[in-house]
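Below is one structure, written out as structure tokens; comments come after it.
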Amino acid sequence: MSLFRPLISLLLLLVSVLVVSCSDGSQAKAPTYSAAQLTQIQATSKNVRTLTDRLPELATLIQERDWNNVKSFIHGPLGEIRTRMSGLSRELLPGSKEQALKISKEIFEHLNKIDAAAGDNDYKLAIRNYGEALKDLASFEKLIPQA
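Using mature numbering (1 follows the signal peptide of the UniProt record, and there is no 0), the letters of the sequence shown correspond one by one to residues -28 to -1, 1 to 119.
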């Protein structure tokens, strides 16, 4: 039995050397966007930007405490924002996609809180959530690749 131990050790060493030497040493490439994907992402991001460019109008309505129009604006022009942001998020690479989906959900929650604040005539809650929505939007835009 004592003769077999060195032989088994030598055999295991040879097998491990063979496995390592026959393995492919190339590194896996990090996922990247194709030109077509970048074109699609840019087109979709323009659709999102047309909605987010209107956010200052919401701030004006909140400042004026025009609660009926705040609610109408959230449900009207900004009504598609979550759908468009989620669609754009799904086009991103896996690491960015999950973060973008989370941020788009948070923006939608802020808009819901603004809507609720408008129903309660709560200026402080509305303006605070507007500010949070802007911060989240800036974070979302950082995830979008530039062409």
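We put the CB at the ideal spot given by N, CA and C, even for glycine.
None of the values given here were measured: they were computed from a predicted structure.
Could you tell me which of L106, P117, N40 sits nearest to S68, measuring between CA atoms? For S68, the closest C-alpha among the options L106, P117, N40 is that of P117.
Examine the Cβ distances between the segment 5 to 12 and the segment 49 to 60 and report whether three or more of them are shorter than 8 Å. no
Completely contained alpha helix (DSSP H) runs for the segment 1 to 43, where each covers 4 or more residues: Secondary structure remark: continuous alpha helix (DSSP H) runs of at least 4 residues inside the segment 1 to 43, in chain order: 7 to 24, 27 to 35.
Short of 7 Å in beta carbon distance, which residues of its chain neighbour L33, apart from the five on each side in sequence? Order them along the chain. N41, V42, F45
Report yes or no: do the segment 19 to 35 and the segment 92 to 111 share at least 3 C-beta pairs separated by less than 8 Å? In short, these stretches touch, since the Cβ pair count reaches three.
Exposed unless 16 or more other CB atoms sit within 10 angstroms - verdict on S(-13): exposed
Proximity below 9 Å, CB of Y102 to CB of R37: no
By how many angstroms is the C-alpha of G91 removed from the C-alpha of M57? 25 Å
Apart from the five residues just before and just after Y5, which ones in its own chain have a Cβ nearer than 8 Å to its Cβ? I13, L65, P117
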